[in-house]
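Q:
Numbering (the working numbering), first residue to last: 1180 to 1458.
#1: Cα separation between residue 1260 and residue 1286?
#2: Between residue 1469 and residue 1397, is the Cβ-Cβ spacing less than 8 Å?
#3: Under 8 Å between the Cβ atoms of residue 1242 and residue 1220?
#4: Given 8 Å as the limit, is there contact between the segment 1376-1393 and the segment 1351-1367, that is, 3 or more CB pairs closer than that?
#5: Taking a contact to mean a Cβ-Cβ separation below 8 Å, would you say residue 1377 touches residue 1341 in this structure?
#6: With a cut-off of 8 Å on the beta carbons, I'd call residue 1337 and residue 1314 a contact; round off their distance for me.
#7: Nearest by alpha-carbon distance to residue 1429: which of 1209, 1203 and 1382 is it?
#8: Is the beta carbon of residue 1424 less than 8 Å from the beta carbon of residue 1395?
#9: Between the C-alpha atoms of residue 1393 and residue 1419, what's the straight-line distance to the nearest angstrom?
#10: Can you name the start and end residues of the alpha helix (DSSP H) that residue 1222 belongs to?
#11: Spatial neighbours of residue 1413 within its chain, please: CB distance less than 7 Å, with the 5 preceding and 5 following residues excluded, ordered by chain position.
#12: Which stretch, first to last residue, makes up the alpha helix (DSSP H) that contains residue 1340?
#13: Taking 8 Å as the threshold (C-beta atoms), are residue 1303 and residue 1295 in contact?
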């Protein structure tokens, strides 16, 4: 079994060889550069956000806020890549441990963007679902690493992929702006709140709830612009506000050294399992 795990790029490892770390450095940098290039190219040339506004739906996003989210995420991801070149062995090990999933995420994101702008929405939806499985697997197997690794590699991409499944899915279905479609949108948008509160309540992951609050704001602004007399923008801003306040409720005590736990846990479990907060 240990021999099989050695050849599994997603398997847990106590350490990484020099060759493995070098491979992660090269592939991570190349796939990240591809992801950034494809995203920037099709954003600058207008295809992504033209499609977003052309197919108005209950999950249409504001291009400015969504772009700000991605600029921030790409900057943080560049910082993560820098940790692969760190002189600290434990930092390099942590960065390498999530490397395989991150490489797959970069490839799938680039493929999604290409399919989205052509537009092959059904195939794009399939790619999003596959990446969602990849990132959920990453989250549940590696959720105890420091924020500078967790946010750009795990929670940020997972938050986007979760929302993008609804965003692309709403575009994919016919009559995106019909009453029936908007009613379904009014219901499904609350899953963003549930998703964020789950990770905040169970894992104290305020990076996830904050990412989702930004994306909820992007939906809210776009919905307010196009449908002032509607419920979707009200729901989106409500979700944004709840997630943002909940984020502050967990993050501020952590930043000020007064970590408040919402549930009873043993001290050992707190030290070993609570992600992000005790590095």
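We put the beta carbon where it would ideally sit given N, CA and C, even for glycine.
A: With the structure as the only source:
#1: 16 Å
#2: Residue coverage of the chain in this structure runs from 1180 to 1458, which leaves residue 1469 outside it and unanswerable.
#3: no
#4: Because the criterion of three Cβ pairs below 8 Å is not met, the segment 1376-1393 and the segment 1351-1367 do not touch.
#5: no
#6: 4 Å
#7: 1382
#8: no
#9: 7 Å
#10: 1197-1223
#11: none
#12: 1335-1351
#13: yes
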